[in-house]
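**Q** Counting in our numbering, the sequence shown tops out at residue 729, every number present. Yeah, the Cβ is synthetic: ideal placement off N, Cα and C, and Gly gets one too. The structure's right below; bear with me while I get my questions together.
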Amino acid sequence: MSRVCLLLPDWTRCVASEVVARGSLSEWCARADRLEPGAGGFAAAVREVLPWGGSPLPAAALSRQIDVGDAADSAWLRADPAYVRADMVTARMLACGELGLTDEESAGLARELMPLFGDAGFELDARFSNRWYLRAAIGSDLPACASPDEAMGDDLKLHLPQGAAGKRWRQLFNDSQIILHNHPVNAQRAARGAVSVNSLWFWGAGVLPVSVRGGFERIFSDGLELRGLAQIAGIPRQSLELKSLQAQLSESGNGDLLIDLTGLRNDLLESSLRTIDNALRRGHVRGADLLFASGQRYRLQSLHRLRFWRRISELRC
């Protein structure tokens with residue numbers, strides 16, 4: 413029988429969804445053993461199960477390797493197109509990456525930005541409309557910024573590089589905003605009611621890991637970072653599709669499975685959890701480790717379902 417390790421969204425996001433808060437997780441967390449919490453954040457949870465050398469999670473290099481396959485021998489930073497709204501006090505990022513840019517719009521915006529980054533010693537590549545890259549020499553001083561998911565809706569001043577070391581990147585952040593604000597592409601987008609690409613968000617800095625450790629038979633994930641880590645570790649990876657997941661769980665193999673559910677919400681998340689719960693009830697899976705992105709950790713054994721004296725209640729903060 414397999415054992416599964418589940419990467420889950422933040423606890424607060426699970427609680428905010430009525431279908432998830434009252435679903436499979438409510439029973440699991442009521443009857444499982446609660447473990448010592450881990451460090452918060454998606455990267456920390458991933459590192460617990462797929463350790464790599466160096467830190468932090470080099471999301472840009474990993475996604476670049478999957479996208480293009482040329483991430484080795486350079487350092488990488490994501491410079492994703494973003495929509496930022498300013499108010500009387502601060503500025504907040506309301507969208508990042510998925511802004512509906514066409515290839516022509518991406519190319520037009522990038523042409524104006526390339527000299528800015530070229531003069532700073534970086535090569536801008538905007539061939540993908542939803543994720544842009546900066547290539548740098550290994551050893552370059554790159555900023556350690558929060559992921560878009562972590563910074564979304566928050567005061568951006570809290571997430572920009574600080575101090576003297578961050579001055580260069582704050583300047584590039586501001587200069588790129590000026591170029592984007594005045595760009596004809598944004599005037600055209602505004603005319604048709606699309607949000608402006610008025611900022612870039614720098615994140616995911618690092619180099620491609622040389623090696624990744626992991627004892628999993630298979631990884632289920634659609635995330636580029638986990639796809640990259642699985643490739644380096646030599647672990648087969650499948651898309652997170654319910655039929656293939658159900659088929660894998662019903663097999664009699666003894667290999668452990670890593671299942672990344674962090675990108676799912678509401679009904680899609682609960683459907684995946686219910687599929688795993690059915691495998692537990694049928695004896696196809698002997699247990700599950702639950703790693704929430706917010707740091708909570710639980711270990712569920714198949715016999716824990718018999719802890720009937722533990723009252724099941726809706727998940728709460």
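1. Tell me, please, which residues DSSP counts as bridged to GLN713.
2. Compute the Euclidean distance between the alpha carbons of SER541 and ARG476, then round it to the nearest angstrom.
3. When the distance is taken between beta carbons, is ARG504 closer than 7 angstroms to GLY565?
4. I need the DSSP call for ILE631, collapsed to helix, strand or coil.
5. Mapping the DSSP letters down to three states, classify ASP672 as helix, strand or coil.
6. Short of 7 angstroms in beta carbon distance, which residues of its chain neighbour HIS571, apart from the five on each side in sequence? Order them along the chain.
7. Which one or two residues does DSSP pair with PRO493 in a beta bridge?
8. Does the beta carbon of LEU513 come closer than 7 angstroms to any beta carbon on chain C?
9. Is GLU535 helix, strand or coil by DSSP?
10. Considering only DSSP beta bridges, list what MET564 is partnered with.
11. Under 7 angstroms, do SER436 and ASP689 count as touching if we go by C-beta distance?
12. What did DSSP end up calling VAL624 once you bin it into helix, strand or coil?
13. Return helix, strand or coil for GLN650, following the three-state DSSP convention.
14. Who pairs with LEU419 in a beta bridge, going by DSSP?
15. Quick one: Cα of ALA428 to Cα of CYS729, how far?
16. Let me check understanding here. Comparing Cα to Cα, which of SER611, VAL597 and ALA606 lies closest to GLN583?
17. Less than 7 angstroms separating the beta-carbons of PRO621 and TRP464?
18. Under 7 angstroms, do ALA538 and ALA522 count as touching if we go by C-beta distance?
19. DSSP state of ARG446, grouped into three classes?
20. With a 10 Å radius around its C-beta and 16 neighbouring C-beta atoms as the bar for buried, classify LEU506 as buried or exposed.
21. Between LEU420 and GLY520, what straight-line distance do the alpha-carbon atoms span, to the nearest angstrom?
22. Using C-beta distances below 6 angstroms, list every residue in its chain close to VAL432, excluding the 5 sequence neighbours before and after it, in chain order.
23. Should ASN678 go down as buried or exposed, given a rule of 16 or more other Cβ atoms within 10 Å for buried?
24. Using the Cβ count rule (16 or more neighbours within 10 Å means buried), how would you classify THR674?
25. To test your reading of the DSSP string, which unbroken alpha helix (DSSP H) runs of 4 or more residues are found completely within the region 503-548?
**A** By the coordinates alone:
1. The sequence position of residue 713 within the sequence shown is 301, counting from 1. Per DSSP, GLY699.
2. As a first step, residue 541 is located in the sequence shown; it is residue number 129 there, counting from the start. As a first step, residue 476 is located in the sequence shown; it is residue number 64 there, counting from the start. SER541 and ARG476: Cα-Cα distance of roughly 14 angstroms.
3. Within the sequence shown, numbered from 1, the residue matching residue 565 stands at position 153. Within the sequence shown, numbered from 1, the residue matching residue 504 stands at position 92. For GLY565 and ARG504, yes; Cβs fall inside 7 angstroms.
4. Counting from one through the sequence shown, the residue named residue 631 turns up at place 219. Note: ILE631 maps to strand in three-state DSSP.
5. Your numbering for residue 672 matches position 260 in the sequence shown. The answer is strand: DSSP assigns ASP672 an E or B state.
6. The sequence position of residue 571 within the sequence shown is 159, counting from 1. In the same chain as HIS571, and ignoring 5 residues on each side of it, the C-beta atoms closer than 7 angstroms to its own belong to CYS557, ALA558 and ALA563, in chain order.
7. Counting from 1 along the sequence shown, the entry for residue 493 is found at position 81. Bridge partners of PRO493: LEU612.
8. Absent here is chain C; the protein component of the structure consists of one chain.
9. Position 123 of the sequence shown, counted from the start, is the residue given in the question as residue 535. The answer is strand: DSSP assigns GLU535 an E or B state.
10. Along the sequence shown, one-based indexing puts residue 564 at 152. MET564 is not bridged to any residue.
11. Locating residue 436 in the sequence shown gives position 24, counting from the first residue. Locating residue 689 in the sequence shown gives position 277, counting from the first residue. Contact: yes.
12. Translated into positions along the sequence shown, residue 624 becomes position 212. In this structure, VAL624 counts as strand in the three-state DSSP scheme.
13. Position 238 of the sequence shown, counting from 1, holds the residue named residue 650. The answer is strand: DSSP assigns GLN650 an E or B state.
14. The residue given as residue 419 occupies position 7 in the sequence shown. According to DSSP, LEU419 bridges with ASP672 and LEU703.
15. The count along the sequence shown starts at 1 and reaches residue 428 at position 16. The count along the sequence shown starts at 1 and reaches residue 729 at position 317. Looking at the two C-alpha atoms, the distance is approximately 9 angstroms.
16. For the purposes of this step, residue 583 is identified with residue 171 of the sequence shown, where counting begins at 1. Comparing Cα-Cα distances from GLN583 to each of SER611, VAL597 and ALA606, the minimum goes to SER611.
17. Taking the first residue of the sequence shown as 1, we reach residue 621 at position 209. Taking the first residue of the sequence shown as 1, we reach residue 464 at position 52. For PRO621 and TRP464, yes; Cβs fall inside 7 angstroms.
18. Working through the sequence shown from its first residue, we reach residue 538 at position 126. Working through the sequence shown from its first residue, we reach residue 522 at position 110. Yes, the Cβ-Cβ distance between ALA538 and ALA522 is below 7 angstroms.
19. Looking up residue 446 in the sequence shown gives position 34. For ARG446, the secondary structure class from DSSP, reduced to helix, strand or coil, is strand.
20. Taking the first residue of the sequence shown as 1, we reach residue 506 at position 94. LEU506 is exposed by the Cβ-count criterion.
21. Taking the first residue of the sequence shown as 1, we reach residue 420 at position 8. Taking the first residue of the sequence shown as 1, we reach residue 520 at position 108. So the two alpha carbons sit approximately 38 angstroms from each other.
22. Residue mapping note: residue 432 aligns to position 20 of the sequence shown, counting from 1. Only CYS426, LEU681 and GLU682 meet the Cβ criterion.
23. Working through the sequence shown from its first residue, we reach residue 678 at position 266. The residue in question, ASN678, is exposed, as its Cβ has fewer than 16 Cβ neighbours within 10 Å.
24. Here the question's residue 674 lines up with position 262 in the sequence shown. Label assigned to THR674: buried.
25. Taking only runs of at least 4 residues, the alpha helix (DSSP H) segments lying wholly in the region 503-548 are 515-531.
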